[in-house]
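Just so we're aligned: 242 in our numbering is position 242 of the sequence shown, and the numbers increase by one with no gaps anywhere.
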Amino acid sequence: MGGRTCRCDRTGARRGPFVTIANFPQVRGKLTRHAPLAKLVWFKSGGEADWLLEPADIDDLREFLKAMDGALPVMPLGLGSNLIVRDGGVPGVVVRLGKAFSSVEVLEGNRMRCGGGASGILVSSTARDAGIAGLEFLRGIPGTVGGFVKMNGGAYGREVSSILIECDVVMQDGELVTLKAADLHYTYRHSDLPEGAVVVSALFEGETGNPAAIGAEMDRIAAAREQSQPLRTKTGGSTFKNPDLHEAGGRKAWELVDAAGCRGLTIGDAQVSEKHTNFLINKGEASSRDIEALGEEVRRRVLEDCGVELQWEIQRVGRK
């Protein structure tokens, strides 16, 4: 039954140690058992999701989660750009937001309502066309609104916390709540968004700008990424958070990795990028085990070299 798309009927209890097709609530979208995730993440590695839900709309997602009543863990999946899916697969339900969640609407007052599945490129391009400045940095974030709202995604000196007004979130019990930016208690690449919560939309605010100037800044960001990052490889984006500048002597994560002699370091087909040392790449058929092990070896060498303990920025999920 691996990989089969199921449209399931509600026929029984939702709690208990085992959840089968017969126990699942009905969905209008797609519900797939044993869904391969490697093709959905940038590293192109990793195991299956026990269940992959692609809801038809917000109501479909809410009704499903409400009926599940917390019987299984829930994990949202965006573009899979900052993620290691471990080889043993992901337990519970992985929620992937599709086209129904990818709309971007321009509002009055330099505000935009963006679906949780909308990409950073779409949001920034729409802002440019509307003459809304301040969102250009989203051009440099390879992810979706849901992901960078959760992680306080940032690039080129800006973070989502600087533009977010509020977000609509479906909690693991199916409740739809609106959270203000202050409710998320943002810090560097972190928020207090509860586990299993799915960001379905966000309200951003920029400032009045000139479309040509906004476009020029976006082009600059795109060119800088192309020049400095291994974009045309199987990678997960920035691997480690930049450490406290005082602790690291003013150096960023990539500089510490380079100083520890890790440029080009390999385990199996996993490699520290020679182009940008804060990127790990899959040169061929690397397993997620190899990629994660390489990251841990880099952390060990940096700690030994300069005493700084690098923290993962890439999320690592699932069974080892």
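Glycine residues also receive a C-beta, built at the ideal position from the N, C-alpha and C atoms.
Val298 and Cys262 have their alpha carbons spaced roughly 7 Å apart. When DSSP states are grouped into helix, strand and coil, Pro211 belongs to the helix group.
Per DSSP, reduced to three states, the secondary structure at Asn23 is helical. DSSP places Met75 in the strand class (E or B) of the three-state scheme. Taking C-beta atoms as the reference points, Leu294 and Leu265 count as a pair closer than 8 Å. Here Glu108 is exposed. Its C-beta has fewer than 16 other C-beta atoms within 10 Å. Measuring C-alpha to C-alpha distances from Phe24 to each of Ile221, Leu72, Glu48 identifies Leu72 as the nearest. Shortest Cα-Cα distance from Trp312 to any of Ile84, Ile165, Glu285, Pro194 involves Ile84. Measuring C-alpha to C-alpha distances from Thr235 to each of Ile58, Ile281, Glu195 identifies Ile281 as the nearest. Here the alpha carbons of Val93 and Gly157 stand approximately 35 Å from one another. Per DSSP, the beta-bridge partners of Thr187 are His190.
Taking every protein chain shown into account, the CB of Val177 has fewer than 16 other CB atoms within 10 angstroms, so this residue is exposed. With contacts defined by Cβ atoms closer than 8 Å, Arg86 and Lys241 do not form a contacting pair.
Taking a cut-off of 8 Å for Cβ pairs, the stretch 194-207 and the stretch 141-149 touch, as three or more such pairs fall below it.
In this structure, Asn82 sits away from Gly131, with a CB-CB distance that is not shorter than 8 Å. With the rule of 3 Cβ pairs closer than 8 Å, the stretch 32-45 does not count as touching the stretch 105-123. The residue among Gly115, Trp254, His190 with its C-alpha nearest the C-alpha of Cys167 is Gly115. Rounded to whole angstroms, the gap between the alpha carbons of Leu138 and Asp290 is 30 Å.
The residue from Leu61, Arg251, Gly206, Ala260 with its alpha-carbon nearest to that of Val123 is Gly206.
Exposed is the label assigned to Ser228, since fewer than 16 other Cβ atoms lie within 10 Å of its Cβ. Counting every other CB atom within 10 Å of its CB across the protein chains shown gives Leu52 a total of 16 or more, marking it as buried.
If you look at Leu203, you'll find it in the beta strand (DSSP E) that goes 198-205. When secondary structure is reduced to three states using DSSP, Phe43 falls in the coil class, being assigned neither helix nor strand. When the beta-carbon positions are compared, Thr239 and Ile314 come within less than 8 Å of each other. Burial check for Ala127: the Cβ neighbour count within 10 Å reaches 16 or more, so the residue is buried. About 18 Å separates the CB atoms of Val90 and Leu61; that is not less than 8 Å, and the two are not in contact. A straight-line Cα-Cα distance of about 38 Å links Ile221 and Glu175. From the listed residues Ser125, Ala181, Asp57, the smallest Cα separation to Arg28 is found for Asp57.
Linking Pro36 to Gly47 through their CA atoms gives a straight-line distance of about 6 Å. Using a 10 angstroms sphere on the CB of Gly140, the tally of other CB atoms reaches 16 or more, which defines it as buried. Gln172 is a Cβ neighbour of Gly70, given a cutoff of 8 Å.
Here DSSP, grouped into helix, strand and coil, assigns Lys234 to strand. Val94: member of the beta strand (DSSP E) spanning 90-96, first to last residue.
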